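See structure below.
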Ligand SMILES: [Zn+2]
């Protein structure tokens with residue numbers, strides 16, 4: 037019986053082989069045609085740059101120098117943007133599957149920054165080295181995603197990623213950019229991010245990469261990496277100039293100072309130095325840890341950013357809405373558990389910098405009044421009205437006008453138990469208008485970006501720190517706890533020591 041069945045299957049299988057497969061005669065489906073067209077463009081682009089051998093170089097060593105334009109991080113929201121020098125050093129070890137990228141710059145207000153991100157691609161773990169504070173903190177999952185997203189500035193790594201994700205390749209369009217014809221294709225990253233690549237139709241070289249998505253402040257936003265000044269290097273043709281644009285504005289303009297392939301890279305560049313302090317891992321934006329500083333006064337930490345919540349008799353007041361909608365959502369849901377009977381009536385962003393009010397739209401949707409200084413009103417109204425169609429947030433789903441209250445100099449909130457004083461201590465070297473929040477009874481002062489205290493290691497004073505210290509003295513504030521907008525609590529002693537070390 038078994039044999040007869042088996043025989044019948046063999047006969048059927050043989051007949052099946054002889055029959056024509058109906059789809060063979062049809063026109064190739066559009067997705068497949070689109071893929072094949074995109075693949076041809078990508079393979080031509082790889083060949084034009086130097087071929088797969090160049091893409092698989094064992095080691096890479098690169099140094100870029102140029103200018104950063106402080107979009108959303110300048111003295112005033114209405115420009116012109118302040119600029120800063122940037123130097124980026126990048127190394128990749130393909131055999132050891134690890135990379136390191138160091139950025140040296142100066143934040144507005146004179147804070148020097150030299151951070152190196154180390155990433156072990158085998159274990160998907162990494163570190164951020166703060167080379168000024170001599171401290172190392174483990175990279176969070178978001179930190180790792182951000183390091184990988186930053187690799188889009190390197191065209192060879194971009195082409196390699198597109199090839200690795202070949203099944204997602206699609207033809208996009210033929211386009212004219214500044215008088216030159218471009219062939220545009222797309223691929224999708226493993227995390228779902230769609231990336232568009234534009235190749236010069238004549239040379240086949242990669243001219244641009246575009247990533248479209250939602251930005252907490254700019255809404256539907258395209259980030260562009262523009263490659264130009266192609267010149268020959270051993271085994272390849274390399275773009276010596278990189279321009280990064282965000283929401284239509286140039287944010288970085290960089291040129292290569294060094295571009296080396298298959299050279300030995302100093303081992304120490306990939307390693308955490310033995311003499312640095314080790315800090316705790318930094319939480320992602322959705323991670324919220326609440327510390328009660330005094331009765332009804334809460335520090336909202338858990339990520340790289342802090343907010344302060346103060347419970348008055350009838351309402352809650354929050355200082356700072358950093359990062360994003362996701363962060364605000366996490367903070368507000370925890371506050372509703374902690375103080376369920378009081379609505380958030382006021383939100384006070386310390387200054388307009390977009391990392392410190394990236395979550396403001398969630399508070400506007402909540403109906404909170406935004407308390408700010410005159411120079412920020414137009415910016416906040418624009419942020420509230422900006423379309424977020426690609427990834428609608430709470431305000432996009434239920435639009436409303438922001439309630440904004442403007443003050444100059446000083447504004448006080450109070451009930452029978454406590455008072456909170458806001459001071460605009462601008463113009464400061466960090467921002468023309470900048471607010472500090474002071475609780476006189478509890479001797480707590482909240483400030484952002486004027487004096488940063490790293491998770492471990494010594495804090496560094498800047499011109500902005502000096503400004504803060506002078507204003508605290510002028511206003512006669514008696515401060516026991518210094519709450520910064522970033523990371524760790526401090527004291528006036530920390531501030532004094534940092535100023536002495538400078
Ligand atoms: Zn700032």
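In our numbering, the protein residues as written are 37 to 538.
Here a beta-carbon is modelled for each residue, glycine too, at the ideal position from N, C-alpha and C.
All of these numbers come straight from a predicted model, not from anything done at the bench.
Check residue i in the structure and name its three-state DSSP category.
i	result
residue 450	strand
residue 65	coil
residue 508	helix
residue 379	coil
residue 372	helix
residue 530	helix
residue 522	strand
residue 386	coil
residue 199	helix
residue 74	helix
residue 91	helix
residue 210	strand
residue 516	coil
residue 112	coil
residue 86	coil
residue 538	coil
residue 205	coil
residue 194	helix
residue 405	strand
residue 366	helix
residue 81	helix
residue 501	helix
residue 53	With a pLDDT of only 45 at residue 53, under 50, the local geometry of the prediction cannot be trusted, and the value read off the model is given with reservation. Helix, per DSSP.
Where does the unbroken alpha helix (DSSP H) through residue i begin, and where does it stop?
i	result
residue 496	Run containing residue 496: none; DSSP gives neither H nor E here.
residue 401	396-402
Just checking my contact of residue i with residue j at CB under 8 Å: how many whole Å lie between their CB atoms?
i	j	result
residue 192	residue 90	7 Å
residue 152	residue 312	Actually they are not in contact, since the Cβ atoms of residue 152 and residue 312 sit about 11 Å apart, beyond 8 Å.
residue 499	residue 518	No, residue 499 and residue 518 are not in contact; Cβ-Cβ is about 18 Å, not under 8 Å.
residue 352	residue 379	7 Å
residue 534	residue 487	7 Å
residue 301	residue 172	The pair is not a contact, with the Cβ atoms about 19 Å apart (cut-off 8 Å).
residue 227	residue 181	7 Å
residue 456	residue 446	11 Å between Cβ atoms; not a contact.
residue 162	residue 175	4 Å
Can you tell me whether residue i is buried or exposed? The criterion is at least 16 other CB atoms within 10 Å of its CB, across all chains shown.
i	result
residue 281	buried
residue 441	exposed
residue 145	buried
residue 249	exposed
residue 453	exposed
residue 509	exposed
residue 238	exposed
residue 437	exposed
residue 159	exposed
residue 215	exposed
residue 342	buried
residue 490	buried
residue 304	exposed
residue 314	exposed
residue 383	buried
residue 397	buried
residue 421	exposed
residue 66	exposed
residue 264	exposed
residue 87	exposed
residue 268	exposed
Starting from residue i, trace the beta strand (DSSP E) both ways and give me its first and last residue.
i	result
residue 127	119-129
residue 221	216-224
Practice problem: Within the region 307-352, note down every full alpha helix (DSSP H) run reaching 4 residues or more, in order along the chain. | Solution: none
Quiz item: Could you give the uninterrupted runs of the beta strand (DSSP E) lying entirely in the region 133-191, keeping only those of 3 residues or more?
Solution: 134-143, 147-156, 161-166, 171-174
Quiz prompt | Complete beta strand (DSSP E) runs within the region 407-487 (minimum length 3 residues, chain order) | solution = With a minimum length of 3 residues, the continuous beta strand (DSSP E) runs that stay inside the region 407-487 are 439-442, 446-450, 455-460, 471-475, 480-483.
Practice problem: Starting from the N-terminal side, write out each stretch of the beta strand (DSSP E) that is 3 residues or longer and does not extend beyond the region 234-313. | Solution: 242-251, 255-269, 272-282, 285-297
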